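*Asks:* Handing you this structure, nothing more for now.
Given below as structure tokens:
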């Protein structure tokens, strides 16, 4: 029978077609992301200059590919700061904040969903109402308001970003808890005297991991976009720290005279988000054939 | 009944948002520190607090705020001292000039792309579109905007890089804004259409001898459009949020810029009003979607 081979990949009853072997696009994405992560981790060791050292005599030097010198490979900005060093540290900040934000979202959302699904009743009602209300308002607006109220420090930024998308995990986990309810192994655990919380932590939680991982990988790109949007708008990472968004925000003011200041951060952001989205899409297809996430 | 309960729920959500923003702004410190230099004498600070009514307890302030809202008195900007409603509404047309064409464009592109891909399932176009939708949804608005300026304004010198004026000024911001949501819509239309195309009634419609256009548009799209409608409400919210970023990139004098400036200057009256208006717009959009759902799908009304 070869029917399964030709069947539609959207058919929910069939396993995903990409089970065997990783597509080329995904391999390239993984490689790109690995290289960027390695460079970001090694930033303090390989950055040629300090990110804050200004040198007004060598302002707005062009990068090598526009005819600049070898001492500033990617040129310098309007205060004479080395763009390569700034780009490395900006990537590092963006990735760190995004990872921490995803982690906060996963932990808060999974716990919230687990509590709502396990306890039921008015706790479930309350948590679901909060989740529904937040899902109705765009995350950028929620984050903007939160920044205006709480100010900007990297820790607050991580919290704001994390809590801007925890509701996705809460919804999926709560749904999983409901779906697992009444399954034989849950009943078996309960009849052998396990408390509801033991069942939730030991039997339900491991079963929700696969959709949560898929969701986390898909929302990583979104989180990178959210952080860099806030920083681009000037309400995220504050100087002297740099993120990819704030680099682009600065470059926006010099777009006409020195476009290369914008090109490199733009390319790096796009590489990160597109690679992450490709990997997330592949994970969704191969880990979650039912398309719950 | 269905309409009434939906409208009531929307009103409740709005009330919750207003209350949360109110309490949060009152809990995060003394606005007199943003309004006056730090070295002002304490006496003047006390007077200003008295004038702004900040010395009353929070319940009294909340009631007063509620009463003012009912009178449509939304307060004045801390900085320009103009009524926030005036500040906001004089910029609304500028933002609508971007969001409405972007919304129409993304719906048109999403529907055409999605339907075409579903009809040519597993073709080169279909696979290219599926990949493109993943990429386009991942691209940040501002990076797309800046790339567009670099290419179309600086290299090709075809279109202006920012500001408002002729129709040429609208092209880049509208396309930037529409890109992500058109990908979102195309993705959903495609998968929804694929599901519908496999149904028995589609085969029946074809075997009756109806023309392909009638089969696809009348029998297919009518059923496939329902899940897409839900997303359209959310897309509208996405467009509003996207406008905040896009207006900054293209120096477009809309409400998004106003709100960002309010965030930077901690101009809470403007920010509060902006959030209130954005939320109202989004909740109304979702309400309209729900009502349209009820009109298009008789099954929903019965519930």
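Residue numbers (the working numbering), protein chains in the order written: chain A, 8 to 300; chain B, 2 to 304.
All C-beta atoms, glycine included, are put in the ideal place defined by N, C-alpha and C.
Computed from a predicted model, the values in this text were never measured in an experiment.
Would you mind telling me which residues of chain B sit closer than 7 Å to residue 288 of chain A, beta carbon to beta carbon, in chain order?
*Replies:* Chain B residues near residue 288 of chain A: 135.
*Asks:* Would you check if the stretch 147-158 of chain A and the stretch 90-103 of chain A touch, i.e. whether three or more CB-CB distances between them fall below 8 Å?
*Replies:* Judged by Cβ distances under 8 Å, the stretch 90-103 of chain A makes no contact with the stretch 147-158 of chain A, as fewer than three pairs qualify.
*Asks:* At a CB distance below 7 Å, what residues from the stretch 218-249 of chain A approach chain B? Give them in sequence order.
*Replies:* Per Cβ criterion, the list reads 228, 232, 235, 236, 239, 240, 241 and 242.
*Asks:* If you run the structure through DSSP and keep just helix, strand and coil, what is residue 267 of chain B?
*Replies:* In the structure shown, residue 267 of chain B sits in coil (DSSP, three-state: anything other than H, G, I, E or B).
*Asks:* Just confirm the distance between the C-beta atoms of residue 266 of chain B and residue 104 of chain B, as a whole number of angstroms; I'd bet it's less than 8 Å.
*Replies:* The pair is not a contact, with the Cβ atoms about 30 Å apart (cut-off 8 Å).
*Asks:* Please list the terminal residues of the continuous alpha helix (DSSP H) segment that includes residue 69 of chain A.
*Replies:* Residue 69 of chain A -> no alpha helix (DSSP H), and no H or E assigned at all.
*Asks:* On the criterion of 16 or more Cβ atoms from any shown chain inside 10 Å, does residue 20 of chain B qualify as buried, or is it exposed?
*Replies:* It counts as exposed.
*Asks:* Hey, how far is the Cα of residue 233 of chain B from the Cα of residue 293 of chain B?
*Replies:* One C-alpha to the other measures close to 11 Å.
*Asks:* Would you mind telling me which residues of chain A sit closer than 9 Å to residue 265 of chain B, beta carbon to beta carbon, in chain order?
*Replies:* Correct list: 155, 240, 241 and 242.
*Asks:* Can you name the residues of chain A whose CB is closer than 8 Å to the CB of residue 95 of chain B?
*Replies:* None at all; the shortest Cβ gap to chain A is about 18 Å.
*Asks:* If you draw a straight line from the alpha carbon of residue 57 of chain A to that of residue 283 of chain A, how long is it in whole angstroms?
*Replies:* Those two C-alpha atoms are separated by around 29 Å.
*Asks:* For residue 86 of chain A, which option in A:116, A:250, A:68 and A:77 has the closest C-alpha, if you only look at C-alpha atoms?
*Replies:* For residue 86 of chain A, the nearest C-alpha among the options comes from A:68.
*Asks:* Can you give me the start and stop residues for the alpha helix (DSSP H) that residue 94 of chain B sits inside?
*Replies:* Its alpha helix (DSSP H) spans residues 93-120.
*Asks:* Just to check, is the beta-carbon of residue 160 of chain B closer than 7 Å to a non-hydrogen atom of the ligand FMN?
*Replies:* This structure does not include the ligand FMN; it has no bound ligands of any sort.
*Asks:* Around the Cβ of residue 43 of chain B, are there at least 16 other Cβ atoms within 10 angstroms (buried) or fewer (exposed)?
*Replies:* Flag for residue 43 of chain B reads exposed.
*Asks:* Considering only DSSP beta bridges, list what residue 77 of chain B is partnered with.
*Replies:* Per DSSP, B:84.
*Asks:* Tell me which residues of the stretch 147-173 of chain B have at least one Cβ-Cβ distance to chain A shorter than 8 Å, keeping chain order.
*Replies:* Going along the stretch 147-173 of chain B in chain order, one finds 147, 148, 150, 151, 155 and 162 with a Cβ nearer than 8 Å to chain A.
*Asks:* Quick one: does residue 285 of chain A have its CB under 8 Å from some CB of chain B?
*Replies:* Residue 285 of chain A counts as touching chain B.
*Asks:* Just the C-alpha distance for residue 22 of chain A and residue 119 of chain B, rounded to the nearest angstrom, thanks.
*Replies:* Here residue 22 of chain A scores only 46 on pLDDT, less than 50, and its place in the model should not be relied on; the value that follows carries that caveat. The alpha-carbon atoms of residue 22 of chain A and residue 119 of chain B are separated by roughly 20 Å.
*Asks:* Which residues, taken in chain order from the stretch 265-277 of chain A, show a beta carbon closer than 8 Å to some beta carbon of chain B?
*Replies:* Those residues of the stretch 265-277 of chain A that come within reach of chain B (Cβ to Cβ, closer than 8 Å) are 266, 269, 270, 273, 276 and 277.
*Asks:* Under 8 Å, Cβ to Cβ, is there at least one residue of chain B near residue 259 of chain A?
*Replies:* Yes, residue 259 of chain A lies at the interface with chain B (some Cβ there is under 8 Å from its Cβ).
*Asks:* Report yes if the C-beta distance between residue 120 of chain A and residue 221 of chain A is below 8 Å; otherwise report no.
*Replies:* Result no, Cβ atoms of residue 120 of chain A and residue 221 of chain A do not sit closer than 8 Å.
*Asks:* Do residue 239 of chain A and residue 143 of chain B have their C-beta atoms within less than 8 Å of each other?
*Replies:* Closer than 8 Å, so yes.
*Asks:* Identify the residues that DSSP records as bridge partners of residue 83 of chain A: which are they?
*Replies:* Beta-bridge pairing links residue 83 of chain A to A:89.
*Asks:* Taking the straight line between their C-alpha atoms, what separation do you get for residue 148 of chain A and residue 270 of chain B?
*Replies:* One C-alpha to the other measures close to 16 Å.
*Asks:* When you compare only the Cα positions, how much space is there between residue 269 of chain A and residue 178 of chain A?
*Replies:* Using only the alpha carbons, I get a separation of about 38 Å.
*Asks:* CA-CA distance, residue 304 of chain B and residue 6 of chain B?
*Replies:* The predicted position of residue 304 of chain B is uncertain, since its pLDDT is 48 and thus under 50; a value taken from the coordinates is nonetheless stated next. Cα to Cα, the separation comes out at about 11 Å.
*Asks:* Can you tell me whether residue 204 of chain B is helix, strand or coil according to DSSP?
*Replies:* Residue 204 of chain B: helix per DSSP, three-state reduction.
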